[in-house]
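A.B. asks: Residue numbers (this note's numbering), protein chains in the order written: chain A, 1 to 286; chain B, 1001 to 1295. For every residue, glycine included, the Cβ atom is placed at its ideal position computed from N, Cα and C. Small disclaimer: the values here were computed from a predicted structure and weren't measured. There's a structure below that I have some questions on.
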């Protein structure tokens, strides 16, 4: 297996296509005094009107996509020349309404032989650094084999320009319109990462959308005046998504005090329907 | 019952009185009684106690699936869903994926009767009490760090039995509140709270995180640890806590208009150069909000 930055789509760089949609700027902060510890990374992204959700700010699936992008590069740099794959993402969202830009920070908590654990934090610069989310991400460390990603150090990626023809996240991530407990995503090439598998952020966005649809379908009364919005999310990435279409199957566990707990199981329908991700989403009436 | 001497006769797991049954090669159930000693400020069961139950059911499954290898909990999440009804709660766990280095298990916690039967209320099965997930890191067989060597044939049923809790569980540990506003709490490391590595047990870590988060979030709203109820725990276990005391600190993230709030709690081993052991994302709701929802 080889790494392809643009296989089949010369106009797309798989290393940054998804994070560019959210205009995520990233820069590495090496340890002070040239220490041997892992670098931290900082990021900044505006909150574009077409990316806002029912809560008024960047929808949680988008927030998780940026966290996955920043945490992934942080973890990857920490274990070079080995490579990483995200195995779990646990996020708690404290503020759904954002002014923007959002500032993100990633710090390695533990760098082990087989895994890296990274803490992620998001504040809203436009709202006096109001706290937005905290997350913990775990990545498995893999033998790189023949796969080598190249990075200039310190790693810096400027904020991409706004899209000329902006589309909503559901369209960008090829999530099919629908309602009810099952939501599907078409696995288009532009959603694959450099390893050729579905970007973890796309999985997060699918979980967000699917859980909100399932909540409204099961308990129409669970929605507020603006609907429902995903807040706390747990995702266990079990296997890579290689084929598609991808199907999120939701079980509404219960509703209490305006919050609905939803179990989300995501399957790769084209790969013997195997389960690729399992987790939970809290949907909040907004 | 004890496995290779674990847990010892005087142990928190025994006092919680857990009964376990392996239902298949990859599923298990663990049940405990609902008592006032494990009640949350809203009257349900503390999230930390449910996390302990979940950790045990996950460990029971993992021990069977991974033998002769051993395991350590890498992360655990728990999300409260519905109120606790019935005299007992039961965690029902199943394997989601077994990999080379990790095992992922999910669990549903439900209210049951004394015999473990599902409850029926108003002609229907009530919502589950909680949903949970765990990742276990696989440790090679004969790992010298663990005090437990797995028997070739694990029993299909067992129970951890003890004298029961005479005090509220946080007092039994005991947890000492040093500065509630910043979630600074302390708990000693002693055999009563050990895991099989002679470090502090994962469920105790969950209990301490719950208490620290509640103290800080309650204080941020003008109350204390008894005025909020922790509903969600997202725990990343980074290192064992062997020396002690274990000291927590909480950072309040924000409070929504209805009082729902989040915090990040860090646990450090004060006796081991303040080594960072665990990071926990905690979400809590005011007792009054939950009371309105269940009335």
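(1) Which runs of the alpha helix (DSSP H) spanning at least 4 residues fall entirely within the segment 1022-1076 of chain B, listed in chain order?
(2) Looking only at its own chain, which residues have a Cβ that is under 6 Å from the Cβ of residue 126 of chain A, when we skip the five neighbours before and after it?
(3) When the Cα of residue 988 of chain B is compared with those of B:1080, B:1259 and B:1250, which residue comes out closest?
(4) Just the Cα atoms here: how many angstroms apart are residue 1020 of chain B and residue 1131 of chain B?
(5) So what does residue 1160 of chain B bridge to, in DSSP terms?
(6) Mind checking whether residue 1051 of chain B and residue 136 of chain A have CB atoms under 8 Å apart?
(7) Closer than 9 Å, Cβ to any Cβ of chain B: which residues of the segment 85-100 of chain A, in chain order?
(8) Please work out which residues of its chain come closer than 7 Å, Cβ to Cβ, to residue 30 of chain A, disregarding the five sequence neighbours upstream and downstream, and give them in chain order.
(9) Spatial neighbours of residue 114 of chain A within its chain, please: CB distance less than 6 Å, with the 5 preceding and 5 following residues excluded, ordered by chain position.
(10) Who are residue 285 of chain A's beta bridge partners in DSSP?
(11) Can you tell me whether DSSP reads residue 134 of chain A as helix, strand or coil?
(12) How about the segment 1009-1016 of chain B and the segment 1110-1124 of chain B: do they share at least three Cβ pairs that are nearer than 8 Å?
(13) Quick one: grab the DSSP three-state call for residue 79 of chain A.
(14) Could you tell me whether the Cβ of residue 1284 of chain B comes closer than 8 Å to any Cβ of chain A?
(15) Reducing DSSP to helix, strand and coil, say where residue 276 of chain A ends up.
(16) Would you list, in sequence order, the uninterrupted beta strand (DSSP E) runs of no fewer than 3 residues that lie entirely inside the segment 102-151 of chain A?
(17) For the segment 103-117 of chain A, list every residue whose C-beta sits within 8 Å of some C-beta in chain B, in sequence order.
(18) When DSSP labels each residue in this structure, what does residue 1 of chain A get in the three-state scheme?
(19) For residue 187 of chain A, name the three-state secondary structure that DSSP assigns.
(20) Taking only beta-carbon positions, decide if residue 1063 of chain B is within less than 8 Å of chain A.
(21) According to the neighbour-count rule (16 or more other Cβ atoms, all chains shown, within 10 Å of its Cβ), is residue 2 of chain A buried or exposed?
(22) Let me know the secondary structure DSSP gives residue 212 of chain A once reduced to three states.
(23) If you draw a straight line from the alpha carbon of residue 1295 of chain B to that of residue 1257 of chain B, how long is it in whole angstroms?
(24) Can you give the Cα-Cα distance for residue 73 of chain A and residue 1087 of chain B, rounded to whole angstroms?
C.D. replies: Result, derived from the coordinates:
(1) 1047-1066
(2) Mapped onto the first chain, residue 126 of chain A falls at position 126. Counting only Cβ-Cβ distances below 6 Å, and skipping sequence neighbours, we find 99 and 100.
(3) Absent from the structure is residue 988 of chain B, since the part of chain B shown begins at 1001 and ends at 1295.
(4) Within the second chain, the letter at position 20 stands for residue 1020 of chain B. Within the second chain, the letter at position 131 stands for residue 1131 of chain B. Taking the straight line joining both Cα atoms gives about 18 Å.
(5) By 1-based counting over the second chain, the position of residue 1160 of chain B is 160. Answer is B:1018.
(6) On the second chain, residue 1051 of chain B is found 51 positions in, with the first residue counted as 1. On the first chain, residue 136 of chain A is found 136 positions in, with the first residue counted as 1. No. Outside cutoff.
(7) 87, 88, 90, 91, 92, 93, 94, 95 and 96
(8) One-based indexing of the first chain puts residue 30 of chain A at position 30. Taken in chain order, the residues that qualify are 39 and 154.
(9) Position 114 of the first chain holds residue 114 of chain A. So the list reads 141, once near-sequence residues are dropped.
(10) The residue you call residue 285 of chain A lines up with position 285 of the first chain. Answer is A:228.
(11) As a first step, residue 134 of chain A is located in the first chain; it is residue number 134 there, counting from the start. Of the three classes helix, strand and coil, the one that applies to residue 134 of chain A here is strand, per DSSP.
(12) no
(13) Position 79 of the first chain, counted from the first residue, corresponds to residue 79 of chain A. Looking at residue 79 of chain A - three-state DSSP - the assignment turns out to be helix.
(14) By one-based count along the second chain, residue 1284 of chain B stands at place 284. False, the Cβ-Cβ gap to chain A never drops below 8 Å.
(15) Looking up residue 276 of chain A in the first chain gives position 276. Reduced to three states, the DSSP call for residue 276 of chain A is strand.
(16) 102-111, 115-124 and 130-142
(17) 109, 110, 114, 115 and 117
(18) As a first step, residue 1 of chain A is located in the first chain; it is residue number 1 there, counting from the start. Reliability of the predicted coordinates at residue 1 of chain A is poor, the pLDDT of 42 falling under 50, and no value is obtained from them.
(19) Residue numbering aside, residue 187 of chain A sits at position 187 when the first chain is read from its first letter. Three-state result, residue 187 of chain A: coil.
(20) Residue 1063 of chain B sits at position 63 when you count from the first residue of the second chain. No, residue 1063 of chain B does not count as interfacial toward chain A.
(21) Here residue 2 of chain A refers to the residue found at position 2 of the first chain. With a pLDDT of 44 at residue 2 of chain A, under the threshold of 50, the modelled position of this residue cannot be trusted; read the value that follows with caution. It counts as exposed.
(22) Stepping through the first chain from its first residue, residue 212 of chain A is reached at position 212. Residue 212 of chain A: helix per DSSP, three-state reduction.
(23) Stepping through the second chain from its first residue, residue 1295 of chain B is reached at position 295. Stepping through the second chain from its first residue, residue 1257 of chain B is reached at position 257. Legend: pLDDT at residue 1295 of chain B = 47, less than 50; position of this residue unreliable, no value from coordinates given.
(24) Position 73 of the first chain, counting from 1, holds the residue named residue 73 of chain A. Position 87 of the second chain, counting from 1, holds the residue named residue 1087 of chain B. If you take the alpha carbons of residue 73 of chain A and residue 1087 of chain B, they lie about 48 Å apart.
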